[in-house]
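If you read the sequences in order, they're chains A and B.
Remember, our numbering sits 27 above the position in the first sequence when you count from 1.
Remember, our numbering sits 338 above the position in the second sequence when you count from 1.
For each residue, glycine too, the CB sits at the ideal point set by N, CA and C.
Written out below as C-alpha cells is the structure these notes cover.
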Amino acid sequence: MAWAFDLVAGPYRGRTGGLAWDGKAMLFSAVLEERIERFDPASGKTGTFRKYTGRTNGIAIAADGSVFGAQEGGRRVIHFLNNGSTAPTNDLLDGQHHNQPTDVAVDTQGRVWIADTWNAQAPYGPPVYPFPDHASVLRLERDERGAWRLNRVTSDTRGPRSVRLSVDERTLYVADGDVERDDACTLRAYPLDGDGRVGQGSVLHAFGAGERGIQGMCLDSDGNIVACGGWKKNGPGPAIYVFSPDGRVVEKQPAPADWPMRCEFGDAGRDSLYLTTGGGHLYRAQKIGRKGAPR
Amino acid sequence: MSEAHGQAGGPQIEVDNVAAAGAGHIIDPHPSWETVAPDILFGEGPVWDPRNRQLFFTDICGDTIWKWKPGSGGEAILKPSAKANGMCLDLEGRLVVAGWGGRTVFRIEQGGSLQTLASQWEGKKLNSPNDIVTRADGSIYFTDPSGGLFNVGMVQDDLQRYLDIAGVFRIAPDGRMSLMTADSVYPNGLCFSPDEKLLYVNCSRERLIRVYDVKPDGTLGPWRLFFQYAHPERGNPDGMKCDVEGNLYCTGPGGIWVHRPDGRVLCRLKLRGHATNFAFGDDDWKTLYITMVGSVTRTRLNIAGVPSLK
C-alpha cells in the first residue's frame, strides 16, 4: 500500500535537508534559510531550533542532546551545544581542509561519522584553501585530552552523501556518488570491528548510469536501510527504497515530491517517516508499517 | 617572512578603466610594484605607523599580526591574534584591532598587553568585527558582519551568531558603545572623508558603497547610495580609504577602484590576485600598501592618502 505523505512544514526557500528525532519532535534543516527547524507533532507547529547555521544540512543528536551539523557553507562539522553556543570541530585532515560535509552520524562512543563531499555551492569566504583530491567518509573522535582528532575512513568513495551505522555499529552504510559529477551512484556497506576500524567495503546496490541515486537514509527496526533519492529527470523517479541489510530492494514507494533529500523516522511510536525535499518541504507519512531503529 | 623585491611573483598592477582625464593625477599608467610579504595566507588590516615608519598588517588565516619595517622585514607581534582583521591607530598611536574570529575589538597597549574595548551589544556577543577607523575626536567606528563565524579557516571558539543585525558601531572616547547603523547585510570596509563630514560604508553582499553625513555628535544621518558595483569580474567591496582630495579607494571587482567624491569612477588599479585592503604609507603618504590573499605588495601613487594618525 502506498504511503500517504502529508506536507507538515514548508515550503522553505530552497532545499530542506538533514533530519533528527529528538524524542518529542523532528529537527530538520532548512539549508538555504540557514536554520534548523523543529516540528512538534503534538501541536502540529513548527518553530526554530537554531538560526544562522551556515547552510547546515545533515544533523545528528549526541547522547547529551547536543546536535552535530554538517555545515556545507563553512566546510566543517559544527557542534550546536545545549547552552546555545556553537563549537567548531577539527576541520583539518592531515593539515589540509577537507571538503564540504553534507551528512553526519554519531555513534555510541560519541564519534562523529562524516559524509565529506563536493558541493555545487561554494563555501563561505574567499577561496583560500584548495580542496582535497578525494571525497571520503571521515570520522571525528576525541583524543585523550578531549580535542577532536579527524581521520579518513574510506578510500574508495567518489562523493559520500549520506552515512549511517547499523544498530550494532558493526556496519557503516554509505550512499556514494554525485550524478551531477558523472559519478556512479551506489549504496555501500563497510564492516567495522569492535574498535571502529573500517574494513573492505562492498556495493549493496548500484544505480544505473545517470540516475541520481540516494541522497539520504535512515534505518528501520529490522535493520533495513530506508533510503530516499531519485528524480523525475530520469530513471525510476523520486522514490523511497527499503533495502535489506544485504542490499535487496524489499520495498519501494514513490516520493511525494521531486528531489527527495533525506528521511528519518519520528513520532511517538517512531512509525512515521519524515522526508525533506529539494523544494523545501517537510513531508510525513504516518503508520507506514515500519518503525525506526532504536537510537 | 622575508622581504622580496622585484617583479617576480605576487600581483601585477595595471591601471585601466580610465573614465576621464585625471587618472595620471592618481597613479602612473604603468606603476611598478614590490612584494613586501610574500609568504602569508590572507593579508588584511594594513595600517602605516608614521612614528616608527613601519607597516602593521594581519594574516587572518595565519592568525598573526605582523609588523613590517622597510629594510628590516617582518616580525610577528601577536600570534595567535584572535584571527585579527582590520586595524587602525588611535590618537595615541596604539593599534586598535577588529578581532574578527575572537568577536571583540581590542587595543594593543604600548607595553603589549591587550585591552578589550567591545565584545557585546545589548548583552549578546558581537558577530565578527571586520574593519575599523578612528575619528579625530578619538571615537572608533567598526563594522560587524558575520563572516568570521563562517569563513573557512577564519573562525575561533564560538561560531553561533546571536545578533540579528550586522551593525556599524561607535566606541566613544569614554568607552561607551552605540549602534550607528544596521542598514547593510554585510558591512565591511569603512572610512571617513578627509574632513570627517562623511562616513563611507561598503557592503560586500550588496556590492555597494553607502555614504552617510556625520553629525557633530558622531551619529549618522540617513544613507545615500554612493556607488553600486555591477562589474562581472570577481571581487566585492572590502577595504576602503580616502586620499587627501577626497577620492575614495575601494577594493572591488578585479582590483582597487578609485572614485571621485561624487562617486564616478576615476580609474581602477587592476590587480592579478585578490586584494583585500590597503593603506597609504611612507613619509609622504603616497605609497599604497596592498594586502592580498597570499601576500602584501606596495606601489607608488602621485597623490597622498589621508594619514592614519589623526
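**Item:** Interface flag, A89(A) vs chain B, CB-CB below 8 Å
**Value:** No - not a single Cβ of chain B is within 8 Å of the one on A89(A).
**Message:** At the level of alpha carbons, what is the spacing between R275(A) and V253(A)?
**Reply:** Rounded to the nearest angstrom, the gap between the Cα atoms of R275(A) and V253(A) is 12 Å.
**Message:** Give me, in chain order, the residues of the same chain whose beta-carbon lies closer than 7 Å to that of V206(A); leave out the 5 immediate sequence neighbours on both sides.
**Reply:** Hits under 7 Å: C212, G237, E238, R239, G240.
**Message:** Would you call the region 557-573 of chain B in contact with the region 525-532 of chain B, where contact means no fewer than 3 C-beta pairs closer than 8 Å?
**Reply:** Counting Cβ pairs under 8 Å, fewer than three are found: no touch.
**Message:** Quick check on this structure: which residue in K72(A), A89(A), A174(A), R77(A) has the alpha carbon closest to the alpha carbon of T116(A)?
**Reply:** The option with the nearest alpha carbon to T116(A) is A174(A).
**Message:** Taking a contact to mean a Cβ-Cβ separation below 8 Å, would you say G619(B) touches L609(B) in this structure?
**Reply:** Note that the C-beta distance between G619(B) and L609(B) is not below 8 Å.
**Request:** Could you please give me the residues that DSSP links to S229(A) through a beta bridge?
**Result:** Looking at the DSSP output, S229(A) bridges to A216(A).
**Item:** Beta carbon of G37(A) nearer than 8 Å to that of T43(A)
**Value:** Between G37(A) and T43(A), the C-beta gap is smaller than 8 Å, which places the two residues in contact.
**Message:** Please report the distance separating the alpha-carbon of V539(B) from that of R65(A).
**Reply:** Roughly 37 Å between the two C-alpha positions.
**Prompt:** Listing by chain order, which chain A residues have their CB less than 7 Å from the CB of C399(B)?
**Reply:** For C399(B), the C-beta contacts it makes with chain A under 7 Å involve V155, in order along the chain.
**Prompt:** What's the gap between the Cα of G137(A) and the Cα of N574(B)?
**Reply:** Spanning the two alpha carbons is a distance of roughly 41 Å.
**Item:** DSSP-derived helix/strand/coil call for V206(A)
**Value:** V206(A): helix per DSSP, three-state reduction.
**Message:** Using a 10 Å radius around the Cβ and a threshold of 16 neighbouring Cβ atoms, would you call K421(B) buried or exposed?
**Reply:** K421(B) comes out buried.
**Asked** Does N489(B) get closer than 8 Å to chain A when you measure Cβ to Cβ?
**Response** Chain A contact via Cβ: present.
**Asked** List, in order along the chain, the chain B residues whose C-beta lies closer than 8 Å to that of S56(A)?
**Response** Within chain B, no residue comes near S56(A); the closest Cβ sits about 15 Å away, beyond 8 Å.
**Request:** Would you decide whether L309(A) is buried or exposed? Buried here means 16 or more other CB atoms lie within 10 Å of its CB.
**Result:** It counts as buried.
**Asked** Comparing the C-beta of D496(B) with each C-beta of chain A, is any distance below 8 Å?
**Response** Yes - at least one Cβ of chain A is within 8 Å of the one on D496(B).
**Request:** Check each residue of the region 365-389 of chain B: if its Cβ is closer than 7 Å to any Cβ of chain A, include it; give the result in chain order.
**Result:** Correct list: L379, F380.
**Item:** Contacting positions in the region 93-108 of chain A - beta carbon closer than 7 Å to chain B
**Value:** Taking 7 Å as the Cβ-Cβ cut-off, the region 93-108 of chain A approaches chain B at G100, G101, R102, I105, given in chain order.
**Request:** Can you say whether L177(A) is buried or exposed, counting buried as having 16 or more other CB atoms within 10 angstroms of its CB?
**Result:** Buried.
**Item:** Sequence-distant residues of the same chain with beta carbon closer than 7 Å to R432(B), five excluded per side
**Value:** So the qualifying residues of the chain are R445, I446, E447, Q448.
**Asked** Just how far apart, CA to CA, sit G293(A) and F55(A)?
**Response** Taking the Cα positions, G293(A) is about 12 Å away from F55(A).
**Request:** Compare the beta carbon distance of P418(B) and V443(B) with 8 Å and say whether it is the shorter of the two.
**Result:** P418(B) places its beta carbon 8 Å or farther from that of V443(B).
**Asked** Cα-Cα, which of D285(A), C290(A), E196(A) is closest to S189(A)?
**Response** The shortest C-alpha separation from S189(A) is found at C290(A).
**Request:** Determine, using beta-carbon pairs with one atom in the region 357-372 of chain B and one in the region 384-404 of chain B, whether at least three such pairs fall under 8 Å.
**Result:** Touching, no, given that fewer than three Cβ pairs across the two stretches are closer than 8 Å.
**Request:** Throw me the rounded Cβ distance for the R543(B) and Y524(B) pair, which I believe falls under 8 Å.
**Result:** Between Y524(B) and R543(B) the Cβ distance is about 4 Å, and since that is below 8 Å, they are a contact.
**Asked** Residues of chain B with a CB under 7 Å from the CB of G173(A): which are they?
**Response** Under the 7 Å cutoff, chain B gives no residues; its nearest Cβ is about 14 Å from G173(A).
**Prompt:** What is the DSSP secondary structure of H125(A), reduced to helix, strand or coil?
**Reply:** H125(A) sits in coil when the DSSP states are folded into three classes, being neither helix nor strand.
**Request:** Using DSSP bridges, identify the partner residues of L246(A).
**Result:** Paired residue(s): I252(A).
**Request:** Run down chain A in chain order and give the residues with a C-beta less than 7 Å from the C-beta of H612(B).
**Result:** Chain A residues near H612(B): P153.
**Asked** Ordered along the chain, which non-local residues of its own chain (more than five positions away) have a Cβ less than 6 Å from that of D210(A)?
**Response** Only R185, G186, G204 meet the Cβ criterion.
**Asked** CB P287(A) to CB P265(A), shorter than 8 Å?
**Response** Yes. Within cutoff.
**First through last residue of the alpha helix (DSSP H) which encompasses H363(B)** = Unbroken alpha helix (DSSP H) run through H363(B): 361-364.
**Prompt:** To the nearest angstrom, how far is it from the Cα of D150(A) to the Cα of G101(A)?
**Reply:** In the sequence as presented, Asp is not what sits at residue 150(A); that position holds Pro. Answer to the nearest angstrom: the Cα atoms are 6 Å apart.
**Message:** Any beta carbon from chain A within less than 8 Å of G485(B)'s own beta carbon?
**Reply:** Any Cβ of chain A closer than 8 Å to the Cβ of G485(B) would place that residue at the interface, and such an atom is present.
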